[in-house]
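Here UniProt numbering is used: the first residue of the sequence shown is 1, the next is one more, and so on. We treat Cβ as the ideally placed atom computed from N, Cα and C, and that holds for glycine. Right, one structure below, let's go through it.
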Amino acid sequence: MTREEDDEAVIKTMKTKPADTSGAGPAVSNPAVSNPDVSAPQLRGADVEVQGLHKSFGAKAVLRGVDLTVSAGTLTAVLGPSGCGKTTLLRILAGFDDPDAGTVRIGGHTLAGGGAPVPAHRRRVGLMPQEGALFPHLSVAENIAFGLRRTRRAGRADTVRYWLEVVGLEGAAEARPHELSGGQQQRVALARALAAEPRVLLLDEPFVALDAGLRVRVREEIAAILRAAGTTAVLVTHDQSEALSLADSVALLMDGRLAQVGAPADIYERPATPAAARFVGATVELPGQARDGVVHTALGSHPARLPVPDGPVVVVLRPEELRLERSRDGVPAAAVQSVRFYGPQSAVQVRLADDTVVTVLTAGDAGVSVGEPVGVRVDGSVLAYPAPGRPPARS
């Protein structure tokens with residue numbers, strides 16, 4: 001029997017109905033998450049350990065001693081700007097590239113760095129690439145079944161049917177990829193990757209081709225499916241909101257090195273460096289002086305959120321940490337320079353008494369006008385880092 005005849009036989013064992021391919025399609029009906037009568041498939045995700053990973057292409061060093069641990073059953077986002085090495089890291093995990101130095105272990109087994117590397121097809125590592133990369137000449141069911149060639153036909157049909165149900169596309173088994181919306185195609189790509197029961201699933205910016213509204217919905221649906229299934233997942237992205245909202249842990253990769261690894265809240269609220277703070281979100285930066293754990297700035301004196309040596313510092317705030325008030329004694333004075341209204345919030349640019357210009361975010365309409373005097377207040381502690389060029393602290 002040819003592959004095409006075998007696929008056709010699998011499809012014939014499945015009861016299907018016409019696909020709903022209009023627009024973006026209905027929201028996912030995910031039995032693994034919402035239906036108590038359908039249990040989530042347990043994929044037995046494995047730990048991932050990367051130690052001392054180096055990779056160069058010619059004279060260009062792309063990875064420079066990367067150490068990363070991903071716990072089984074969790075989702076880790078590798079976040080970084082273009083060219084930082086995140087896709088190279090993903091390709092090494094998948095087995096498409098070999099490291100120059102360092103080791104890769106999955107589930108306690110050394111796959112690279114301990115002699116001959118284990119080839120990609122023997123790693124049980126799934127990949128969900130950008131734009132899904134579905135086979136256009138195959139139906140949805142045939143795409144999902146593609147990695148199940150060694151499974152008995154009856155079991156293959158059950159597996160395909162199950163994953164169609166999990167991703168909410170049970171009525172689209174016979175549809176071709178071009179008949180589906182972008183979000184539906186991504187859910188098929190996820191089902192295809194998970195049907196092969198990978199120990200680790202790698203996601204290479206899989207939502208980048210979707211429009212903004214659909215992107216948020218689809219990524220939340222896919223994250224819910226991954227957590228219900230218990231698989232280990234590594235998501236590569238340059239989208240800060242995507243990494244912070246979806247991941248259990250975020251690994252911030254900059255210039256081939258891990259700048260910081262931690263929970264999303266720690267990455268955003270306690271960045272390791274000013275550069276990390278700037279990449280993860282908007283910042284307001286002020287000069288200051290640190291003394292005995294207190295930071296003195298044009299916006300007043302505030303406790304340092306993290307230990308910092310005495311001396312000149314750069315204070316890094318988030319715009320939402322600033323508050324506008326009516327101008328009064330005891331509150332640092334400022335003058336409104338510009339107001340931009342965005343609907344849910346407004347961005348108000350103000351000039352402080354020392355001529356420093358900062359941006360303050362307010363909910364809804366800020367209710368202030370250009371030239372109006374206002375007060376600016378900071379609640380709580382502040383982040384401070386040694387100022388560039390200052391001499392090292394004496395021990």
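Exercise for the section: Could you tell me which residues DSSP pairs with Val-339 in its beta bridges? Expected result: Start at 1 with the first residue of the sequence shown, and residue 339 comes out as number 339. Partner(s): Val-348.
Problem - Endpoints, beta strand (DSSP E) assigned at Arg-44 - result: Stepping through the sequence shown from its first residue, residue 44 is reached at position 44. It is not in any beta strand (DSSP E) - Arg-44 carries neither H nor E in the DSSP assignment.
Practice task
Could you give the DSSP three-state label for residue 436: helix, strand or coil?
Solution key: Because the chain in this structure spans residues 1 to 395, residue 436 falls outside the shown range and cannot be described.
Practice task
Taking only the alpha-carbon atoms, compute the straight-line gap between Val-38 and Ser-338 and give it to the nearest angstrom.
Solution key: In the sequence shown, residue 38 corresponds to position 38, counting from 1. In the sequence shown, residue 338 corresponds to position 338, counting from 1. Legend: pLDDT at Val-38 = 42, less than 50; position of this residue unreliable, no value from coordinates given.
Exercise for the section: Check whether the Cβ atoms of Pro-312 and Ala-282 lie closer than 7 Å to each other. Expected result: Start at 1 with the first residue of the sequence shown, and residue 312 comes out as number 312. Start at 1 with the first residue of the sequence shown, and residue 282 comes out as number 282. Not a contact, by the Cβ cut-off of 7 Å.
Exercise for the section: With DSSP as the reference, label Leu-258 as helix, strand or coil. Expected result: Counted from its first residue, the sequence shown places residue 258 at position 258. Leu-258: strand per DSSP, three-state reduction.
Problem - Euclidean distance between Cα positions of Glu-131 and Gly-85 - result: Here residue 131 corresponds to residue number 131 of the sequence shown, with the count starting at 1. Here residue 85 corresponds to residue number 85 of the sequence shown, with the count starting at 1. When rounded, the distance between both Cα atoms is 20 Å.
Practice task
State yes or no: is the C-beta of Gly-45 within less than 7 Å of the C-beta of Thr-232?
Solution key: By one-based count along the sequence shown, residue 45 stands at place 45. By one-based count along the sequence shown, residue 232 stands at place 232. It is a contact, given that the beta carbons lie within the stated cut-off.
Exercise for the section: Please state if the CB of Pro-332 and the CB of Gly-300 are separated by a distance shorter than 7 Å. Expected result: For the purposes of this step, residue 300 is taken as the residue at position 300 of the sequence shown. For the purposes of this step, residue 332 is taken as the residue at position 332 of the sequence shown. Closer than 7 Å, so yes.
Practice task
Report the option in Glu-142, Gly-375, Arg-161 and Gly-83 whose CA atom is closest to the CA atom of Lys-60.
Solution key: The count along the sequence shown starts at 1 and reaches residue 60 at position 60. Of Glu-142, Gly-375, Arg-161 and Gly-83, the residue nearest in Cα terms is Gly-83.
Exercise for the section: Flag this pair as yes or no: are the beta carbons of Asp-204 and Leu-134 separated by less than 7 Å? Expected result: Counting from 1 along the sequence shown, the entry for residue 204 is found at position 204. Counting from 1 along the sequence shown, the entry for residue 134 is found at position 134. No, the pair does not count as a contact, with Cβ atoms beyond the cut-off.
Problem - Reference Gln-185; option with closest CA among Asp-310, Ala-157 and Arg-215 - result: The residue labelled residue 185 in the question sits at position 185 within the sequence shown. Taking only the C-alpha atoms, the option nearest Gln-185 is Arg-215.
Practice task
Verify whether the separation of the beta carbon atoms of Glu-49 and Thr-69 is less than 7 Å.
Solution key: For this step, residue 49 is matched to residue 49 along the sequence shown. For this step, residue 69 is matched to residue 69 along the sequence shown. The answer is yes: Cβ separation under 7 Å.
Handout entry: Span of the alpha helix (DSSP H), counted from its first residue to its last, around Gly-183
Key = The residue labelled residue 183 in the question sits at position 183 within the sequence shown. Gly-183 -> alpha helix (DSSP H) spans 182 to 195.
Handout entry: Given Gln-240 as reference, the closest of His-109, Pro-264 and Gly-230 once Cα atoms are compared
Key = Along the sequence shown, read from residue 1 onward, the residue named residue 240 stands at position 240. For Gln-240, the nearest C-alpha among the options comes from Pro-264.
Exercise for the section: Enumerate, from N- to C-terminal direction, the unbroken beta strand (DSSP E) stretches of 3 or more residues contained entirely within the segment 66 to 117. Expected result: 75 to 79, 101 to 106 and 109 to 112
Problem - Val-261 vs Ala-247 beta-carbon contact at 7 Å - result: The residue you call residue 261 lines up with position 261 of the sequence shown. The residue you call residue 247 lines up with position 247 of the sequence shown. Cβ distance not < 7 Å, so Val-261 and Ala-247 don't count as in contact.
Practice task
Give the DSSP bridge partners of residue 402, in chain order.
Solution key: The displayed coordinates of the chain run from 1 to 395. Any statement about residue 402 would go beyond what the structure contains.
Problem - Contact check, Leu-202 vs Arg-187, beta carbons under 7 Å - result: As a first step, residue 202 must be located in the sequence shown, where it is residue number 202. As a first step, residue 187 must be located in the sequence shown, where it is residue number 187. No, Cβ-Cβ distance for Leu-202 and Arg-187 is not below 7 Å.
Handout entry: Val-234 versus Val-294: straight-line alpha-carbon distance, rounded
Key = As a first step, residue 234 is located in the sequence shown; it is residue number 234 there, counting from the start. As a first step, residue 294 is located in the sequence shown; it is residue number 294 there, counting from the start. Spanning the two alpha carbons is a distance of roughly 39 Å.
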